[in-house]
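For the sequence shown, the working numbering assigns the number 12 to the initial residue and increments by one for each residue that follows. Every residue gets a Cβ at the ideal spot worked out from N, C-alpha and C, and that includes glycine.
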Amino acid sequence: MQCKTGADHVRSLLDGRAVYLDGTRVEDVTTHPAFRNAIASAARLYDYQARSENLELMTFSPDGGARRVNRCWQMPRSYDELVMRRKALQAWAQQSYGFMGRSPDHVASALIGQRMGIEVFERHGPARAKALADYVDYATRNDLFLTYVIVNPQADRSKAWGEQAEELVAQIVDEDTTGLTIRGAKMLGTSSIMANEVVVANLQPLRPGEEALAFSCALPMNAAGLRVLSRKSYEAHAVSVFDNPLSSRFDENDALIYFDDVKVPWDRVFVHRDTDMCRAQFHDTPGHVFQNYQAQIRLAVKVRFLVGLAHRITEAIGTTNMPQVREQLGSLAASAGMVDAMLSGMEASGGMRGAFYLPNRHQLYAAHVTTQELYPRLVDLIRELAGGSLIMLPSSVRDWANPELAAILRRTQRSPNFGSEDKVKLLKAAWDAIGSEFGSRHTQYEMFYAGARYVTTVHSYRTFDWSAARGLVDDLMAGYQRETG
Ligand SMILES: Cc1cc2nc3c(=O)[nH]c(=O)nc-3n(C[C@H](O)[C@H](O)[C@H](O)COP(=O)(O)OP(=O)(O)OC[C@H]3O[C@@H](n4cnc5c(N)ncnc54)[C@H](O)[C@@H]3O)c2cc1C
Numbered sequence: 012m013q014c015k016t017g018a019d020h021v022r023s024l025l026d027g028r029a030v031y032l033d034g035t036r037v038e039d040v041t042t043h044p045a046f047r048n049a050i051a052s053a054a055r056l057y058d059y060q061a062r063s064e065n066l067e068l069m070t071f072s073p074d075g076g077a078r079r080v081n082r083c084w085q086m087p088r089s090y091d092e093l094v095m096r097r098k099a100l101q102a103w104a105q106q107s108y109g110f111m112g113r114s115p116d117h118v119a120s121a122l123i124g125q126r127m128g129i130e131v132f133e134r135h136g137p138a139r140a141k142a143l144a145d146y147v148d149y150a151t152r153n154d155l156f157l158t159y160v161i162v163n164p165q166a167d168r169s170k171a172w173g174e175q176a177e178e179l180v181a182q183i184v185d186e187d188t189t190g191l192t193i194r195g196a197k198m199l200g201t202s203s204i205m206a207n208e209v210v211v212a213n214l215q216p217l218r219p220g221e222e223a224l225a226f227s228c229a230l231p232m233n234a235a236g237l238r239v240l241s242r243k244s245y246e247a248h249a250v251s252v253f254d255n256p257l258s259s260r261f262d263e264n265d266a267l268i269y270f271d272d273v274k275v276p277w278d279r280v281f282v283h284r285d286t287d288m289c290r291a292q293f294h295d296t297p298g299h300v301f302q303n304y305q306a307q308i309r310l311a312v313k314v315r316f317l318v319g320l321a322h323r324i325t326e327a328i329g330t331t332n333m334p335q336v337r338e339q340l341g342s343l344a345a346s347a348g349m350v351d352a353m354l355s356g357m358e359a360s361g362g363m364r365g366a367f368y369l370p371n372r373h374q375l376y377a378a379h380v381t382t383q384e385l386y387p388r389l390v391d392l393i394r395e396l397a398g399g400s401l402i403m404l405p406s407s408v409r410d411w412a413n414p415e416l417a418a419i420l421r422r423t424q425r426s427p428n429f430g431s432e433d434k435v436k437l438l439k440a441a442w443d444a445i446g447s448e449f450g451s452r453h454t455q456y457e458m459f460y461a462g463a464r465y466v467t468t469v470h471s472y473r474t475f476d477w478s479a480a481r482g483l484v485d486d487l488m489a490g491y492q493r494e495t496g
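Pasting the structure below:
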């Protein structure tokens, strides 16, 4: 039985990719202190799926052969297959408590969604449809870890993308019989330091005349001219696992991707100079639905973790049984229940699109808008429950090694339910989750990973059954007249 393992993945990253951090090029991302633990966490996902007891839960055979790959590549043909696939994604999300948003199942979900709508690419052109289908099959067979860059860099938001300064937005600058040449940037590729390949596309609306920007393709991370400019690494600044249990291990990274005249062969080009096809690639296929459905599956795990954290914090400071605190915990529990219910709801009220079963589109967007607003509120509520306990903490694990300080810590880090060291351990984890630079990036992530609120609410607006809703009002109106006399 063949299945990708963590060691396979780590080995695949030794490919000469051009990752830059703090002004220098990183020779080997797998051993660099800014990235190695996050990469080890990604590798553990593959080891998890390769364990014999997890193979059935986590993997399937795409062609009926011995080689098994993660279920994220499975195109569900029934409600039962959708749920089976979700359970695999949820098991992966649990390995990082939902903090690795761009685990390999995210972009895989986007791509199988696009593959399920291959007829949309066929209308664009048979060669482009073949390129997309072949690429998804290739990525599936090899269980690739993909990232994507589908959003343009912020510069002047009052101007159209085509009006931005020259060499800002990634665009086609040349093409010949072998393929395209692209130059410019995309805003962020999360997990790009540890992905095998990057899918490049344009999700934001383009206007006629902006055809040079209207392309989609896939490139290996070591493509000549592809530069990965990492943001600050939270992993590198984590003091220890005890002090920063999340940022030291699950900092999946975000990086600006710059294409410095990168050549893309035609068999990797999925959309070519077609502004409407850039939209259709996501929205006329189930691509956008599946990528955001994956995000809700992961978020359900993260919300449960945060709610559990809130409960533990109240235990640590002895407030759990206060009526007002119970009320807040009850409200947090309701949020976790709501996120789970929305997930089950969108699955149960989904339906067939051709041969494939999809979650309910409007309910997915409803969940997205709701959770985008929910996440910062959850964080605020946990801060409120915790008070200064998240700050009244030793500077680092090294304080415990000083007997004089350790004695004071044991006297001052008191809790009705935890020993002093366990109390500090818990509260350090809580701060890492919601208050550290890593935690703060997570709030930004949950608020923006798939568009600002003005974008996500438009998806909710356009997919809602307004005629049914308006029909109820019309029915009421039709049932009575102005009384006369
Ligand atoms: C942590 C993180 C990770 C990310 N990872 C990825 C990734 O892996 N791949 C990827 O492709 N992208 C990624 N992104 C980018 C993400 O998709 C974008 O941030 C998101 O789509 C929002 O776009 P924007 O940042 O340009 O914000 P904008 O669209 O510029 O919105 C920012 C704010 O400007 C205002 N605004 C701007 N335009 C309007 C308007 N027309 N109407 C009303 N208000 C407006 C609103 O106040 C809005 O909240 C990531 C982002 C974050 C924060």
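Rounded C-alpha distance that separates residue i from residue j
i	j	result
K98	T70	11 Å
T192	I183	6 Å
G356	Q383	18 Å
G27	N207	12 Å
T296	R372	12 Å
L93	R82	10 Å
Q125	S426	52 Å
R309	Y59	17 Å
S227	Q165	19 Å
V336	L396	7 Å
E221	A171	9 Å
G34	L354	43 Å
G329	D433	14 Å
R279	Q292	15 Å
E448	R394	15 Å
N65	G173	48 Å
D154	G112	18 Å
F110	L56	13 Å
H470	S406	45 Å
N163	Y460	13 Å
E246	D19	23 Å
A61	L68	10 Å
L420	G462	44 Å
Q307	A53	20 Å
K439	I402	9 Å
Option in the options with minimal Cα separation from residue i
i	options	result
T42	I204, S346, L217	I204
H117	Y59, V210, T467, A61	V210
I8	S89, L320, M357	No answer is possible for residue 8: the residues shown for the chain start at 12 and end at 496.
Q13	R152, V147, V37	R152
V180	R168, G362, A345, A150	R168
V239	V37, Q455, Y491, S407	V37
L404	G112, D254, L392	D254
T286	M363, E432, R218, R55	R218
H294	R323, G128, Y386	G128
R241	Q105, R481, V40	What sits at residue 241 in the sequence shown is Ser, not Arg. The candidate whose alpha carbon is nearest that of S241 is V40.
L540	T423, M458, L401	The question about residue 540 has no answer here: the residues shown for the chain are numbered 12 through 496.
A441	G399, I419, R409	G399
R290	P216, K243, E130	P216
D91	D265, V131, G361	G361
N233	Y159, S346, R284, L25	L25
D271	N264, G236, A377, Q106	G236
L199	G190, A212, L483	A212
R194	D185, S202, T201	D185
P231	L157, W277, A266, A418	L157
D187	W277, Q424, D485	W277
S431	A327, R96, W103	A327
S63	T16, A49, S23	T16
Span of the beta strand (DSSP E) around residue i
i	result
Y159	157-160
P414	Here P414 belongs to no beta strand (DSSP E); instead the alpha helix (DSSP H) covers 414-423.
F281	280-283
T16	Note, T16: premise wrong, no beta strand (DSSP E); not H, not E.
V37	35-37
Where the alpha helix (DSSP H) containing residue i begins and where it ends
i	result
E186	Segment 182-187 is the beta strand (DSSP E) holding E186; no alpha helix (DSSP H) there.
C289	286-294
Y368	Premise fails: Y368 lies in the beta strand (DSSP E), 367-369, not in any alpha helix (DSSP H).
A196	Note, A196: premise wrong, no alpha helix (DSSP H); beta strand (DSSP E) at 190-197.
R452	448-459
G482	477-489
M357	334-359
R473	464-474
Test: residue i CB closer than 8 Å to a CB of chain B
i	result
N413	In the displayed structure, chain B is absent; only one protein chain is listed.
**Study point:** beta strand (DSSP E) segments (min. 3 residues) lying fully within the segment 193-267
**Key:** 208-211, 226-231, 237-241
Exercise for review: Pick out the complete beta strand (DSSP E) segments inside the segment 19-106, 3 residues or longer, and give them in chain order.
Suggested key: 29-32, 35-37, 78-81
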